[in-house]
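A quick write-up on the structure given underneath.
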Amino acid sequence: MADAASQVLLGSGLTILSQPLMYVKVLIQVGYEPLPPTIGRNIFGRQVCQLPGLFCYAQHIASIDGKRGLFTGLTPRLCSGVLGTVVHGKVLQHYQECDKVEELGPGNVQKEVSCSFDRVIKETTREMMARSAATLITHPFHVITLRSMVQFIGRESKYCGLCDSIVTIYREEGILGFFAGLIPRLLGDIISLWLCNSLAYLVNTYALDSGVSTMNEMKSYSQAVTGFFASMLTYPFVLVSNLMAVNNCGLAGGSPPYSPIYTSWLDCWCLLQKEAAC
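Just so you know, full-length UniProt numbering puts 124 at position 124 of the sequence shown, and the rest follows in order with no gaps.
Okay, structure coming up:
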C-alpha cells in the first residue's frame, strides 16, 4: 500500500513539473507555429533557419495566459496518472497472486527463476496487459487533457473544467468521443514495450559479458537505451493518436482550414506519410 502511494506521489510530482513542456509539445504536434523561424547556425557553422525551441514557445504561452496558463490541462492529466498507476498496479498484483496460488497448489514444485526468453515473454505479456488496461481506463482523461491544451490555438473555452468537458464530449460525440485516438495509442504502447524488452534481452544476453563487475549497471543502462530507441520508432503512433483525439472536435486546432478532418486513424497516418514524402 505504501509503495502504491509513493508511486502516485512521485508520478504526480513529475507530471506537475513536466506539464509546461508537455503543453508545448502537444501544440507543436498539431502544427501550431506562432513564432517565425530565426537565423541560427548548425553544427557545421552554417547559417540556417531554425524554429524556436520549447522554452521560446513556453514564453509565448506565458505572455498571453500568464505562467499559470502553462499548466492548462493539468487536472485531467493528474487524474489520468493517478488512476493509471492504480490500475496498472492492481493488474500486476492479480498476476502475482495467481502465481502464488499455482506455487502453493497440490503437486506443484516451485521452479527456479529463469532468465530465458520464455520468462521475458511472460513478463512482457503481463506488463502489456497492465499497461493496456491502464490506457483504456485513463484515455478519456487523456482526450480532455489534449483538447484543453489545443483550444489555446483558437482561444476557445470549450474544454475548461473536467466535469464540463465530460458533459460536452458525451453530448456532442457520445461514449466513442472519450476514446478518440485510442487504437494508435494502444498499438504504440504495445509495440514499444515489446521492442524495448526484446532488444534489452538480446543486448544483455549476447552483447554484454557476464563477467563484468558492473554488469547490473550495464544492464540497467541498456534497458534505458533500448527504451529510448523503441519510443523513437513508435513516435508516429503517438502523433497520430494525439491528432485523432482533437480531430473534428469543434476546436480551431482540429478543424479546417487549420487541420484536415480525418475519417480514421489510418487515413491520418496515410496523409502524414504523404506530407513527409513531399
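The C-beta atom is built at its ideal place from N, Cα and C for all residues, glycine as well. Note that this is a predicted model, so its numbers are computed, not measured.
Neighbour flag for GLY250 against chain B, beta carbons, 7 Å: In the displayed structure, chain B is absent; only one protein chain is listed.
Given LEU92 as reference, the closest of CYS56, GLU123, VAL82 once Cα atoms are compared: As a working note, residue 92 is residue 92 in the sequence shown. It is GLU123 whose Cα lies nearest to the Cα of LEU92.
Rounded C-alpha distance that separates THR168 from TYR206: The residue labelled residue 168 in the question sits at position 168 within the sequence shown. The residue labelled residue 206 in the question sits at position 206 within the sequence shown. Answer to the nearest angstrom: the Cα atoms are 53 Å apart.
Whether VAL87 touches ILE144 by CB criterion (7 Å): Sequence index remark: in the sequence shown, residue 87 carries index 87 (1-based). Sequence index remark: in the sequence shown, residue 144 carries index 144 (1-based). No. Outside cutoff.
First through last residue of the alpha helix (DSSP H) which encompasses VAL48: Sequence index remark: in the sequence shown, residue 48 carries index 48 (1-based). Segment 47-50 is the beta strand (DSSP E) holding VAL48; no alpha helix (DSSP H) there.
Local Cβ density within 10 Å of LEU27, reported as buried at 16 or more and exposed below that: As a first step, residue 27 is located in the sequence shown; it is residue number 27 there, counting from the start. With 16 or more other Cβ atoms within 10 Å, it is buried.
GLY40 - partner residues in DSSP beta bridges: On the sequence shown, residue 40 is found 40 positions in, with the first residue counted as 1. Answer is VAL48.
When PRO140, LEU193, LYS158, ARG41 are compared against GLY174, the one with the closest alpha-carbon: Working through the sequence shown from its first residue, we reach residue 174 at position 174. It is PRO140 whose Cα lies nearest to the Cα of GLY174.
Contact under 7 Å by Cβ, VAL120 with ASN204: Locating residue 120 in the sequence shown gives position 120, counting from the first residue. Locating residue 204 in the sequence shown gives position 204, counting from the first residue. It is not a contact, given that the beta carbons lie outside the stated cut-off.
Collapsed DSSP secondary structure at VAL113 in the structure displayed: Here residue 113 is taken as the residue at index 113 of the sequence shown, counted from 1. At VAL113, the pLDDT of 43 sits below 50, so the modelled position is not reliable; the number obtained from the coordinates is stated separately. Coil.
Cα-Cα separation, TYR159 to VAL246: Your numbering for residue 159 matches position 159 in the sequence shown. Your numbering for residue 246 matches position 246 in the sequence shown. Their backbone Cα atoms lie some 11 Å apart in a straight line.
Member of SER192, SER80, TYR201, ASN248 whose CA lies at the smallest distance from the CA of VAL238: Your numbering for residue 238 matches position 238 in the sequence shown. The residue with the shortest Cα to Cα distance from VAL238 is SER192.
Nearest-angstrom Cα separation, counted from LEU83 out to PRO37: Locating residue 37 in the sequence shown gives position 37, where the first residue counts as 1. Locating residue 83 in the sequence shown gives position 83, where the first residue counts as 1. Rounded to whole angstroms, PRO37 to LEU83 spans 40 Å at the Cα level.
Pair within 7 Å by beta-carbon distance, residue 341 and LEU54: Within the shown structure, residues of the chain are numbered from 1 to 278, placing residue 341 beyond reach of any answer.
Local conformation of CYS163 per DSSP, three classes: Indexing the sequence shown from 1 puts residue 163 at position 163. In this structure, CYS163 counts as helix in the three-state DSSP scheme.
Length of the line joining the Cα atoms of TYR258 and GLU33: Start at 1 with the first residue of the sequence shown, and residue 258 comes out as number 258. Start at 1 with the first residue of the sequence shown, and residue 33 comes out as number 33. One C-alpha to the other measures close to 11 Å.
Given ALA180 as reference, the closest of GLY69, GLU127, PHE229, TRP265 once Cα atoms are compared: Working through the sequence shown from its first residue, we reach residue 180 at position 180. The candidate whose alpha carbon is nearest that of ALA180 is TRP265.
SER241: first and last residue of the uninterrupted alpha helix (DSSP H) it sits in: For the purposes of this step, residue 241 is identified with residue 241 of the sequence shown, where counting begins at 1. That run of the alpha helix (DSSP H) goes 235-246.
Beta-carbon proximity of ILE39 to MET128, cut-off 7 Å: Position 39 of the sequence shown, counted from the first residue, corresponds to residue 39. Position 128 of the sequence shown, counted from the first residue, corresponds to residue 128. No, the pair does not count as a contact, with Cβ atoms beyond the cut-off.
Inside the UniProt repeat "Solcar" (118-206) only - beta strand (DSSP E) runs reaching at least 3 residues: none
Cα-Cα separation between SER148 and LEU182, rounded to whole angstroms: Counted from its first residue, the sequence shown places residue 148 at position 148. Counted from its first residue, the sequence shown places residue 182 at position 182. Near 17 Å, if we compare the C-alpha coordinates of LEU182 and SER148.
Alpha-carbon to alpha-carbon, VAL150 and VAL8: Sequence index remark: in the sequence shown, residue 8 carries index 8 (1-based). Sequence index remark: in the sequence shown, residue 150 carries index 150 (1-based). Taking the straight line from one Cα to the other gives about 27 Å.
Residues near LEU10 by beta carbon distance below 7 Å, same chain, minus five either side: To locate residue 10, count along the sequence shown from 1; it is residue 10. Here the set comprises nothing.
Sequence-distant residues of its chain with Cβ nearer than 8 Å to residue 279 (five each side left out): Residue 279 lies beyond the residue range present for the chain, which begins at 1 and ends at 278; the question has no answer from this structure.
Member of PHE44, GLY69, CYS268, VAL48 whose CA lies at the smallest distance from the CA of TYR57: If you number the sequence shown from 1, residue 57 lands on position 57. Comparing Cα-Cα distances from TYR57 to each of PHE44, GLY69, CYS268, VAL48, the minimum goes to GLY69.
Distance CB(LEU187)-CB(THR226) smaller than 7 Å: In the sequence shown, the residue the question calls residue 187 occupies position 187. In the sequence shown, the residue the question calls residue 226 occupies position 226. Not a contact, by the Cβ cut-off of 7 Å.
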